[in-house]
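Asker: Structure provided below as structure tokens; questions to follow.
2 protein chains.
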Amino acid sequence: MAVTIVENQQLMIKEKIDKVLCTQTEPEPCCPIKDIMARFGDKWSIYTILMLGKQEKLRFNELKGLIAGVSQRMLTVTLRSLEEDGLVSRTVYPEIPPRVEYSLTPLGQSLLLQLLHLADWAKLNVDQILEARARYSRKSV
Amino acid sequence: MAVTIVENQQLMIKEKIDKVLCTQTEPEPCCPIKDIMARFGDKWSIYTILMLGKQEKLRFNELKGLIAGVSQRMLTVTLRSLEEDGLVSRTVYPEIPPRVEYSLTPLGQSLLLQLLHLADWAKLNVDQILEARARYSRKSV
DNA sequence: CGGGATCCCAGAAGATACTG
DNA sequence: CAGTATCTTCTGGGATCCCG
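Line order of the protein sequences matches chains A and B. Numbering of the first sequence is given in UniProt numbering, commencing with residue 1 and proceeding in unit increments. Numbering of the second sequence is given in UniProt numbering, commencing with residue 1 and proceeding in unit increments.
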């Protein structure tokens with residue numbers, strides 16, 4: 001019956017959730033999602049990854065030009081963080097003037113794919129969300 | 001040839017990225033990802049969604065008990081935000097003492113599925129990331 | 001019980017100036 | 001050019017008090 005299929009799916013979802021939550025009550029080792037989300041949940045990481053996904057190799061100021069509104073400090077911080085996690089690689093050419101090129105690592109590329117999935121969801125549902133917001137603001141008037 | 005297949009895939013990815021970035025240089029209407037990420041990129045939204053995914057209906061203090069470390073203010077703020085976007089529904093029972101139940105809307109459930117995909121990626125790659133971090137910290141000594 | 005409103009602080013983000 | 005250093009500003013979030 002359709003019901004049991006649905007129920008099975010629900011069960012699988014719950015199992016997955018359990019695994020994700022893991023030892024959430026404990027202080028430390030824990031939660032992959034939260035850790036991962038913290039990486040690219042910030043304001044600039046996503047754009048950085050997307051830009052590098054488009055262009056493969058980019059120098060610092062090229063990136064800065066492509067990401068509207070980012071300050072050079074925040075771009076530095078963002079790139080460092082991504083480099084630290086092995087999502088972005090940084091190549092310094094010891095020339096004068098100096099040249100530094102950034103690109104996605106294979107790991108970074110695989111994350112990009114995930115982000116694009118998420119983007120699909122977002123595009124698919126953005127109207128519903130906007131509608132919900134409008135409804136909400138109307139209600140609270 | 002394999003090469004052209006890979007190239008085609010790359011092309012599709014770049015097209016997708018273009019769509020996601022859309023008019024990123026313009027100030028306003030823009031970027032679904034960023035908007036969506038801003039919703040659950042914060043500290044507590046994910047946990048809230050996961051918990052409601054597990055339990056269907058939860059009262060405020062039940063939720064507070066399940067999400068380790070959340071303050072009542074932040075839980076309130078988080079729930080309001082999720083409700084505003086139509087991801088969580090809030091049902092008030094006008095009793096004494098008052099009772100309020102929260103649950104995921106269909107939209108929220110579909111987001112949950114996406115988050116679980118992301119969690120799969122995270123679990124699959126968490127070791128690589130930790131390794132990269134270790135390498136990075138060793139390098140900078 | 002389930003929050004709303006207010007106050008306050010630490011740490012994140014921005015602007016600017018300087019350097020190898 | 002690609003940063004680092006420093007200063008300031010802003011915001012997320014905790015603590016507390018209150019109400020229906």
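Heads up, the beta-carbon is just placed ideally off N, CA and C, and yes, glycines get one too.
Just to confirm the assignment: which complete alpha helix (DSSP H) runs, minimum length 4, are found wholly within the UniProt domain "HTH hxlR-type" (31 to 130) of chain A?
Answerer: You should have 32 to 40, 45 to 55, 60 to 66 and 72 to 84.
Asker: Using a Cβ-Cβ distance cut-off of 8 Å, determine whether residue 86/B contacts chain A.
Answerer: Here residue 86/B is taken as the residue at index 86 of the second sequence, counted from 1. It does; some Cβ of chain A falls within 8 Å.
Asker: DSSP three-state label for residue 137/A, please.
Answerer: Counting from one through the first sequence, the residue named residue 137/A turns up at place 137. Of the three classes helix, strand and coil, the one that applies to residue 137/A here is helix, per DSSP.
Asker: Output needed for residue 111/A: all residues of its chain with C-beta closer than 8 Å, excluding positions within five of it in sequence on either side, in chain order.
Answerer: As a first step, residue 111/A is located in the first sequence; it is residue number 111 there, counting from the start. Around residue 111/A: 40, 49 and 87.
Asker: Looking at the structure shown, is residue 27/A part of a helix, part of a strand, or coil, going by DSSP?
Answerer: To locate residue 27/A, count along the first sequence from 1; it is residue 27. Caution applies to residue 27/A, whose pLDDT of 44 falls short of 50 and renders its modelled position unreliable; the value that the coordinates give is listed next. Residue 27/A: coil per DSSP, three-state reduction.
Asker: From 74/A, 102/A and 67/A, pick the residue whose C-alpha is nearest to that of residue 58/A; which is it?
Answerer: Within the first sequence, numbered from 1, the residue matching residue 58/A stands at position 58. Looking at the Cα atoms, 102/A is the closest of the given residues.
Asker: Can you give the Cα-Cα distance for residue 70/A and residue 44/A, rounded to whole angstroms?
Answerer: As a working mapping, residue 70/A is identified with position 70 in the first sequence. As a working mapping, residue 44/A is identified with position 44 in the first sequence. Their backbone Cα atoms lie some 7 Å apart in a straight line.
Asker: Can you name the residues of chain A whose CB is closer than 7 Å to the CB of residue 46/B?
Answerer: Walking along the second sequence from the start, residue 46/B turns up at place 46. Correct list: 33, 34 and 37.
Asker: What separation, rounded to the nearest whole angstrom, lies between the Cα atoms of residue 121/B and residue 100/B?
Answerer: As a working note, residue 121/B is residue 121 in the second sequence. As a working note, residue 100/B is residue 100 in the second sequence. Distance between the alpha carbons of residue 121/B and residue 100/B is about 35 Å.
Asker: Taking just the CA atoms, how far does residue 15/B sit from residue 8/B?
Answerer: For the purposes of this step, residue 8/B is taken as the residue at position 8 of the second sequence. For the purposes of this step, residue 15/B is taken as the residue at position 15 of the second sequence. Residue 8/B and residue 15/B: Cα-Cα distance of roughly 11 Å.
Asker: Does the separation of the CB atoms of residue 95/B and residue 89/B fall below 8 Å?
Answerer: Here residue 95/B refers to the residue found at position 95 when the second sequence is read from its first residue. Here residue 89/B refers to the residue found at position 89 when the second sequence is read from its first residue. Going by C-beta atoms, residue 95/B is not nearer than 8 Å to residue 89/B.
Asker: Just tell me which of 107/A, 77/A, 18/A and 42/A has its CA closest to the CA of residue 146/B.
Answerer: This structure leaves residue 146/B out entirely; chain B is present only between 1 and 141.
Asker: Out of curiosity, what's the CA-to-CA distance linking residue 98/A and residue 109/A?
Answerer: The residue you call residue 98/A lines up with position 98 of the first sequence. The residue you call residue 109/A lines up with position 109 of the first sequence. Looking at the two C-alpha atoms, the distance is approximately 26 Å.
Asker: Residue 85/A: buried (16+ other C-beta within 10 angstroms of its C-beta) or exposed?
Answerer: The sequence position of residue 85/A within the first sequence is 85, counting from 1. Residue 85/A comes out buried.
Asker: If you draw a straight line from the C-alpha of residue 140/B to the C-alpha of residue 55/A, how long is it?
Answerer: As a working mapping, residue 140/B is identified with position 140 in the second sequence. As a working mapping, residue 55/A is identified with position 55 in the first sequence. Whole-angstrom Cα-Cα distance: 28 Å.
Asker: Please compile the residues from chain B whose C-beta is within a distance smaller than 7 Å of the C-beta of residue 129/A.
Answerer: For the purposes of this step, residue 129/A is taken as the residue at position 129 of the first sequence. Within 7 Å Cβ-Cβ: 85 and 86.
Asker: For residue 18/A and residue 10/A, what's the separation of their Cα atoms in angstroms?
Answerer: The residue labelled residue 18/A in the question sits at position 18 within the first sequence. The residue labelled residue 10/A in the question sits at position 10 within the first sequence. Cα-Cα distance, rounded: 12 Å.
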